[in-house]
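S.K.: Note that the UniProt record's numbering has the sequence shown beginning at 1, numbered continuously upward.
Think of the CB as a built atom: it goes at the ideal place given N, C-alpha and C, for glycine as much as any other residue.
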Amino acid sequence: MTEINDDFYLRYYVGHRGKFGHEFLEFEFRPDGKLRYANNSNYKKDTLIRKEVYVNRTVIEELKRMVNESDVMKEDDAVWPPQDRTGRQELEIVLGDEHISFTTAKIGSLIDINNSRDPDGLRCFYYLNFGWISNYGPSFVIPASSFDVLHEPCDFFQELNKLVANAKNRIYISSLYFGTDPYEYKLIDSIRTALDKNPSLRLVVLFDHLRGLRIDNHKEKTTSKTMFLPLIEQYSSQVDFYLFHTPLLYGFLRQILPTRINESWGVQHMKIYIADNNLIISGANLNKTYFDNRQDRYLKLNNCSNLCKFFIDIIELIAKQSFKIEKNHDKPIFMGTHHPYKGDNNQYRLEVEKNLSSLIQTYQIDYPKPISLSNDQALIVPLIQMGLFNINNDRDFNIYLYSHLPYKSKLYLATSYFNITEEYEKELIDNKRKDTIISLLTASPQANGFYGSRGISRYVPDGYSENEREFIERAEKKYSNDGQIQMYEYYRPQWTYHAKGLWLYEENQNNNYPILTCIGSPNFGARSIKRDLEAQLAIITNNEELRAKFHRERIRLFQYGTLVTSDTFKQLSRAPPFWGPLFMKIFRNFF
């Protein structure tokens with residue numbers, strides 16, 4: 001009987017010569033189960049780390065399975081790109097009687113891979129070693145044909161109205177609030193029609209408690225709750241209506257803070273709209289201005305049942321820790337165990353954190369990083385940010401991205417309210433690679449949603465303007481105003497601006513389209529990270545048509561941007577109130 005060769009050995013190295021010396025990562029799995037690991041970043045005071053441990057046989061078997069399924073052993077290692085002067089990768093694998101060994105250049109992008117002599121092998125290697133995006137959430141592979149990039153508020157309304165009107169099994173709506181104008185009444189009518197036609201259709205609504213109960217029309221005393229009350233009364237067995245209340249606002253403060261200001265302590269801010277297996281993700285709320293002349297971003301995904309299920313589970317989990325409006329009950333009824341502002345506040349937060357962490361980890365196990373990705377597919381990783389529950393996937397993703405921007409890449413950031421956190425600012429300015437270009441788009445004072453509002457909120461645009469000035473002056477001081485970091489302000493007559501997200505472009509792309517985009521509700525500010533419930537999608541694809549769609553989306557937004565410099569803020573019209581800088585320093589975490 002022929003003896004089966006069960007040998008296994010794996011070694012991987014990636015490194016380069018940087019300004020801090022030789023920086024590298026290396027690990028090796030030996031046949032006897034020994035794992036050898038070394039890491040030397042040489043960054044400032046970091047030191048070389050070396051470890052040697054023995055791993056369980058199960059770990060070795062899992063590694064063998066991954067290598068087998070990747071098909072990397074079938075590739076011709078002689079035709080991969082040679083190493084360059086600054087960086088290289090090395091991979092050696094022994095699997096039974098098979099052996100592969102090579103040294104290659106650092107792989108920068110999927111474009112580099114597809115232009116190589118062995119694209120299939122390199123693509124596999126790329127996703128084995130550069131799939132860091134999957135560290136921050138489950139990985140869903142979606143056909144590129146499933147994406148519809150919407151551009152105008154009217155498109156958003158029309159598609160949303162179609163979704164709910166044609167729903168057969170389920171409608172899930174997660175937003176900050178629901179308006180009280182004719183647009184919103186039309187949506188209610190469409191939902192009512194769908195409920196009438198489909199007795200098994202379930203409607204689940206999740207809004208913010210503070211914003212959802214705030215009166216929008218003082219004459220008629222209408223709120224988000226009153227808009228849905230007729231549906232709750234008529235279709236009580238089909239409709240579940242929830243209001244999330246932040247645990248950060250409680251006690252004496254909750255009693256004395258007026259409406260609008262109390263919302264600064266934290267809100268439910270996810271904008272997820274699901275009908276059956278179709279989904280729209282956006283930063284837009286459900287209000288007349290967002291359907292008319294308030295610019296945002298909108299992405300519709302068709303036939304994405306697994307991604308829908310993930311967000312449904314997130315919404316359901318938050319709903320179980322929220323207040324419910326039921327038939328014949330005027331006051332909201334709390335559904336959880338620990339009350340967010342009356343009971344044990346810490347226990348409430350710990351319980352939600354535990355459940356959220358468990359849910360996300362379960363999905364990461366069920367939907368791990370894909371081994372490969374074809375040209376007609378896209379990889380989607382949902383990024384959840386709920387800092388008050390110690391869920392910081394979106395924050396950690398952004399910090400990693402900013403600190404690992406590819407060579408000569410271009411990063412475009414958009415935020416409706418410019419209040420970049422100190423962590424983000426450090427990576428974008430202090431630690432930025434000098435060969436990268438960063439462009440930011442935010443609302444001009446006139447395009448800010450608070451512009452011309454009543455009360456203290458009318459000064460909010462001045463606060464954001466002050467943040468811009470400080471950021472630009474820091475960037476110009478470090479980079480001598482050479483265009484490495486650029487700031488643009490969105491201005492479109494009679495329009496306000498609410499779009500947020502990012503687009504990443506890499507060098508040496510034949511079509512100059514983004515390889516990565518993020519879209520959703522976060523604003524890159526302290527409030528998004530620490531106080532609100534946020535969600536967005538990180539999307540990576542090599543599909544040229546889809547990348548072109550995201551490119552056109554960015555161009556349409558930035559075409560209304562005007563470049564601003566430190567000189568802009570020397571104009572009399574941009575002079576902030578004397579108390580502006582102090583106000584933003586004190587209340588920066590609330591905006």
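Counting along the chain, where does the alpha helix (DSSP H) carrying residue 156 start and finish?
M.R.: Element bounds for residue 156: 153 to 165.
S.K.: Looking only at its chain, what residues have a beta carbon closer than 6 Å to the beta carbon of residue 11, apart from the 5 residues adjacent to it on each side?
M.R.: Contacts found: 28, 92.
S.K.: Reducing DSSP to helix, strand and coil, say where residue 394 ends up.
M.R.: Three-state result, residue 394: helix.
S.K.: When the distance is taken between beta carbons, is residue 538 closer than 8 Å to residue 133?
M.R.: The answer is yes: Cβ separation under 8 Å.
S.K.: Please list, in chain order, all residues of the same chain as residue 599 whose beta carbon is under 7 Å from its beta carbon, the five residues on each side excluded.
M.R.: Only positions 1 to 591 of the chain appear in the structure, and residue 599 is not among them; the question remains open.
S.K.: Assign residue 582 to one of two classes, buried (16 or more other C-beta atoms within 10 Å of its C-beta) or exposed (fewer than that).
M.R.: It counts as exposed.
S.K.: Mind listing, in chain order, the continuous beta strand (DSSP E) runs of no fewer than 3 residues lying wholly within the region 169 to 234?
M.R.: Fully enclosed beta strand (DSSP E) runs of 3 or longer: 170 to 174, 202 to 208.
S.K.: Is it right to say residue 185 is buried, meaning 16 or more other beta carbons lie within 10 angstroms of its own, or is it exposed?
M.R.: Its Cβ having fewer than 16 others within 10 Å, residue 185 is exposed.
S.K.: Report all residues from its chain with a CB closer than 8 Å to the CB of residue 546; omit the five preceding and five following residues, and keep chain order.
M.R.: These residues qualify, in order along the chain: 144, 147, 378.
S.K.: What's the gap between the Cα of residue 240 and the Cα of residue 250?
M.R.: Straight-line Cα distance between these residues: approximately 25 Å.
S.K.: Helix, strand or coil for residue 435 per DSSP?
M.R.: Residue 435 falls in the coil class under three-state DSSP.
S.K.: Might you give, ordered along the chain, the residues of its own chain that have their beta carbon closer than 6 Å to the beta carbon of residue 486, omitting 5 neighbours on each side?
M.R.: Closer than 6 Å at Cβ, skipping near neighbours: 439.
S.K.: Report the partner residues of residue 355 according to the DSSP bridge assignment.
M.R.: Paired residue(s): none; residue 355 is not in a bridge.
S.K.: Just list the beta strand (DSSP E) runs in the region 259 to 346, keeping only unbroken ones of 3 residues or longer that don't cross its boundaries, in chain order.
M.R.: Taking only runs of at least 3 residues, the beta strand (DSSP E) segments lying wholly in the region 259 to 346 are 272 to 275, 278 to 282, 298 to 301, 323 to 325.
S.K.: Apply the 10 Å Cβ neighbour rule to residue 329 and answer buried if 16 or more other Cβ atoms are within range, or exposed otherwise.
M.R.: Under this definition residue 329 is an exposed residue.
S.K.: To the nearest angstrom, report how far apart residue 100 and residue 36 are at their CA atoms.
M.R.: Near 20 Å, if we compare the C-alpha coordinates of residue 36 and residue 100.
S.K.: Could you tell me the distance, in whole angstroms, from the CA atom of residue 154 to the CA atom of residue 60?
M.R.: Between residue 154 and residue 60, the C-alpha separation is close to 55 Å.
S.K.: Considering only the alpha carbon of each residue, which of 515, 419, 348, 434 lies closest to residue 442?
M.R.: Ranking 515, 419, 348, 434 by Cα distance to residue 442 puts 419 first.
S.K.: When the cut-off is 8 Å and only beta carbons count, does residue 227 lie next to chain D?
M.R.: Of the chains in the structure shown, none is chain D; there is only one protein chain.
S.K.: Is the Cβ-Cβ distance between residue 164 and residue 319 less than 8 Å?
M.R.: No, Cβ-Cβ distance for residue 164 and residue 319 is not below 8 Å.
S.K.: According to DSSP, simplified to helix, strand and coil, what is residue 401?
M.R.: Residue state, collapsed to three classes: helix.
S.K.: Alpha carbon to alpha carbon, how far is residue 305 from residue 375? Give it in angstroms, no decimals.
M.R.: Computed Cα separation, rounded: 21 Å.
S.K.: What's the C-alpha gap between residue 567 and residue 310?
M.R.: In a straight line, the C-alpha of residue 567 is about 47 Å away from that of residue 310.
S.K.: Report yes or no: do three or more beta-carbon pairs, one from the region 359 to 370 and one from the region 466 to 475, lie closer than 8 Å?
M.R.: These segments do not touch.
S.K.: Mind checking residue 381: buried by the 16 CB within 10 Å criterion, or exposed?
M.R.: Burial call: buried.
S.K.: Give the DSSP-derived three-state secondary structure of residue 382 in the structure shown.
M.R.: Residue 382: strand per DSSP, three-state reduction.
S.K.: Check whether the Cβ atoms of residue 388 and residue 247 sit closer than 8 Å, and answer yes or no.
M.R.: Yes, Cβ-Cβ distance for residue 388 and residue 247 is below 8 Å.
S.K.: Okay, do the region 492 to 506 and the region 408 to 419 touch, 3+ Cβ pairs below 8 Å being the bar?
M.R.: Taking 8 Å as the limit for Cβ pairs, the verdict is that the region 408 to 419 does touch the region 492 to 506.
S.K.: Identify whether residue 101 lies in helix, strand or coil by the three-state DSSP scheme.
M.R.: It is a strand residue.
S.K.: Buried or exposed: residue 460, going by 16 or more other Cβ atoms within 10 Å of its Cβ?
M.R.: Classification for residue 460: buried.
S.K.: Determine which residues share a DSSP beta bridge with residue 242 and list them.
M.R.: For residue 242, which the question treats as bridged, DSSP gives the partners 206, 324.
S.K.: Looking at C-beta atoms only, is the number of pairs between the region 174 to 184 and the region 221 to 237 that lie closer than 8 Å three or more?
M.R.: With a cut-off of 8 Å, the region 221 to 237 and the region 174 to 184 count as touching, because enough Cβ pairs lie within range.
S.K.: What is the DSSP secondary structure of residue 506, counted as helix, strand or coil?
M.R.: Reduced to three states, the DSSP call for residue 506 is coil.
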